[in-house]
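J.:
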Amino acid sequence: MKNLNNIAIIGAGPAGLMAAQVLSEAGYAPTVFDSMPSAARKFLRAGKGGLNLTHGEEFSLFSSRYFEAESSLAPALELFSPNAMRLWAQNLGFETFIGSSGKVYPLDKKAAPLLRTWLHQLKENGTVFKMKHSLVSWEKDIWQFQTPDGRKDYSFDGVILALGGASWPSLGSTGAWVKILEDKNLNISPLKPANMGFNVSWSEVFKEKFSGTPLKNIELSFTDIHGKTQSKLGELLVNDNGVEGSLIYTNSKYIREQIQENAPFTVYLDLFPHRCEDKLVQDLSKTRGKLSLSAFWKRLGLTGVSASLLREVLTKEMLNEAALVASTLKKFPLTLESSRPLKEAISTAGGLCFTNLDEHLMLKEFPSVFCIGEMLDWEAPTGGYLLTGVMGQGKQAALGLIKFLQTPKASI
Ligand SMILES: Cc1cc2nc3c(=O)[nH]c(=O)nc-3n(C[C@H](O)[C@H](O)[C@H](O)COP(=O)(O)OP(=O)(O)OC[C@H]3O[C@@H](n4cnc5c(N)ncnc54)[C@H](O)[C@@H]3O)c2cc1C
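With my numbering applied, the sequence shown corresponds to residues 214 to 625, in that order.
(1) Output yes or no for whether 8 Å exceeds the beta carbon distance between Asp370 and Asn569.
(2) Give me the Cα-Cα distance between Pro326 and His333, rounded to the nearest whole angstrom.
(3) May I have the straight-line CA-CA distance separating Ala287 from Ala562, to the nearest angstrom?
(4) Per DSSP, which one or two residues make a beta bridge with Leu599?
(5) Using CA atoms only, rank isn't needed, just tell me which of Leu618, Lys622 and Ala611 is closest to Leu292.
(6) Classify Pro594 as buried or exposed, calling it buried when 16 or more other Cβ atoms lie within 10 Å of its own Cβ.
(7) For ligand 1, is there any heavy atom lying closer than 7 Å to the beta carbon of Phe246?
(8) Just to confirm my understanding: we take Ala232, look at its own chain, exclude 5 residues before and 5 after, and list those with CB closer than 6 Å. What are they?
(9) Jot down the residue ranges of each uninterrupted beta strand (DSSP E) in the region 544 to 608, minimum 3 residues, whole runs only, in chain order.
(10) Take Leu399 as the anchor and find which of Ala407, Pro406, Lys405 and Trp390 has the nearest alpha-carbon.
(11) Determine the DSSP secondary structure at Arg364, reduced to helix, strand or coil.
(12) Who are the Cβ neighbours of Ser350 in its own chain at under 7 Å, not counting the five residues just before and after it?
(13) What do you reckon, are the CB atoms on Ala282 and Trp510 nearer than 8 Å?
(14) Kindly examine ligand 1 and report whether one of its heavy atoms sits closer than 7 Å to the Cβ of Trp381.
(15) What's the gap between the Cα of Asn412 and the Cα of Thr548?
(16) For Pro382, tell me which candidate among Ile220, Leu493, Pro580 and Lys255 has the shortest Cα-Cα distance.
(17) Report the residue ranges of all beta strand (DSSP E) runs contained in full by the region 368 to 451; include only those spanning at least 3 residues, in chain order.
(18) Let me see if you follow: with CB-CB separation under 8 Å, is Glu270 close to chain B or not?
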């Protein structure tokens with residue numbers, strides 16, 4: 214027999230669905246509301262590039278990926294660790310593997326089959342879905358939704374808000390909840406892009422020729438706002454607007470913070486991280502004979518996008534100065550004008566501050582209402598940290614809600 218409490222989970226992303234799973238397994242029959250016609254559209258979109266569920270690195274390193282929010286995420290990760298994520302997928306019938314970079318994927322890397330099975334299991338266990346229900350207001354105990362049949366009012370014994378951030382709004386997460394919660398005098402840190410690209414003023418010629426071209430095996434370095442040198446090897450992608458890709462996303466928090474204070478902000482690329490500057494000077498000083506500059510550079514392995522980057526910052530005369538070319542290749546100044554907008558970002562930084570919440574992610578001012586997932590004020594790089602974090606919080610809040618419902622009200 215199902216428990217009769219009237220529970221709403223608003224937001225059918227991975228955070229809300231994990232909360233629904235925990236509640237339905239505990240004998241409750243939650244209703245999941247979502248504004249979109251189908252559930253977890255961002256989760257599905259994540260599967261297009263390979264659904265990166267979590268990461269195989271050592272746990273303390275994993276936890277540190279949540280930056281300043283590490284301690285706020287700790288209870289969620291304790292309840293739902295990277296290993297628990299792998300077990301969860303396995304229990305749904307999807308084995309996972311650890312890729313060469315440490316990232317964990319389902320064997321087929323896809324989201325759709327896994328989501329289909331997950332939703333099926335949730336429905337079997339008693340979770341009810343009400344799609345095309347957009348939360349538009351919350352007054353006292355009345356939750357009002359815009360539906361295809363007009364506005365509908367509901368009241369609940371417990372509510373879990375899992376409304377997402379505001380990136381890729383076409384997938385459902387629009388950030389419209391900010392106004393609803395601001396009206397409740399809750400503290401909300403402004404929503405900002407995370408894991409996004411940056412604008413660079415490329416020349417028209419460069420843009421036309423190299424938009425869509427990756428720059429592989431390079432090192433990116435810069436000083437963050439705390440004066441710490443950040444330096445990483447990897448790959449980025451040149452695009453029409455500037456740069457994107459894993460090396461950029463990993464550093465996007467630090468670069469965004471710098472741009473906020475010191476725009477435009479210059480980062481440095483070592484285009485030949487495995488060759489020292491002296492060796493480059495030596496090679497570039499060799500006699501060129503009748504070779505064109507491009508042909509001469511080609512012999513040294515300096516071609517394509519790397520060679521053209523030099524032409525973006527050095528004059529024709531400078532291109533013949535071996536020492537200057539070598540030092541530019543080792544420390545190419547890449548000036549980032551601004552962040553790409555939130556709607557294009559992979560995830561959202563900022564959100565509802567943890568200070569509004571108790572240890573179960575319940576609003577201190579509004580007992581029985583919990584908030585989880587990307588709508589909260591934390592961020593993490595790509596690498597499976599986002600899904601692990603939001604699903605962990607889904608579990609944390611669901612257990613908190615069960616405790617809340619089972620506790621005599623006077624003692625709360
Ligand atoms: C292109 C892309 C690729 C990604 N790849 C990965 C990856 O490989 N690994 C990883 O860890 N993370 C990845 N992410 C990030 C990850 O998908 C998100 O962090 C995660 O989906 C957030 O979960 P959530 O449940 O908190 O919010 P969401 O998934 O955003 O879900 C929120 C839900 O709330 C609903 N909603 C919003 N407002 C209302 C309202 N007013 N009324 C009713 N419903 C509402 C939305 O329709 C949505 O269904 C990717 C993101 C993108 C965009």
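Positions of the beta carbon are idealized from the N, C-alpha and C atoms, including for glycine. Note that the structure is a prediction, hence the values are computed from the model and not measured.
T.: Reading it off the structure:
(1) By one-based count along the sequence shown, residue 370 stands at place 157. By one-based count along the sequence shown, residue 569 stands at place 356. No.
(2) Residue numbering aside, residue 326 sits at position 113 when the sequence shown is read from its first letter. Residue numbering aside, residue 333 sits at position 120 when the sequence shown is read from its first letter. Cα to Cα, the separation comes out at about 11 Å.
(3) One-based indexing of the sequence shown puts residue 287 at position 74. One-based indexing of the sequence shown puts residue 562 at position 349. About 18 Å.
(4) The count along the sequence shown starts at 1 and reaches residue 599 at position 386. Leu599 is not bridged to any residue.
(5) Residue numbering aside, residue 292 sits at position 79 when the sequence shown is read from its first letter. Among Leu618, Lys622 and Ala611, the Cα nearest to that of Leu292 is on Ala611.
(6) Along the sequence shown, read from residue 1 onward, the residue named residue 594 stands at position 381. Buried is the call here.
(7) In the sequence shown, the residue the question calls residue 246 occupies position 33. Phe246 Cβ: within cutoff of ligand 1.
(8) For the purposes of this step, residue 232 is taken as the residue at position 19 of the sequence shown. The beta carbon of Ala232 sits closer than 6 Å to the beta carbons of Ile222, Ile373, Gly607, Ala610 and Ala611 from its chain, once the five residues preceding and following it are set aside; these are given in chain order.
(9) 545 to 549, 560 to 565 and 582 to 584
(10) As a first step, residue 399 is located in the sequence shown; it is residue number 186 there, counting from the start. Of the listed residues, the one whose Cα sits closest to Leu399 is Trp390.
(11) The residue you call residue 364 lines up with position 151 of the sequence shown. Taken through DSSP and simplified to helix, strand or coil, Arg364 comes out as strand.
(12) Counting from 1 along the sequence shown, the entry for residue 350 is found at position 137. Cβ neighbours of Ser350 beyond the five flanking positions: Gln357 and Ile393.
(13) For the purposes of this step, residue 282 is taken as residue 69 along the sequence shown, with counting starting at 1. For the purposes of this step, residue 510 is taken as residue 297 along the sequence shown, with counting starting at 1. Contact flag unset, no.
(14) Position 168 of the sequence shown, counted from the first residue, corresponds to residue 381. Within 7 Å of the C-beta of Trp381 there is at least one heavy atom belonging to ligand 1.
(15) By 1-based counting over the sequence shown, the position of residue 412 is 199. By 1-based counting over the sequence shown, the position of residue 548 is 335. Going from the Cα of Asn412 to the Cα of Thr548 covers about 9 Å.
(16) Position 169 of the sequence shown holds residue 382. It is Lys255.
(17) 371 to 374, 401 to 407, 427 to 436 and 442 to 451
(18) Given the protein chain composition of this structure (a single chain), no chain B is represented.
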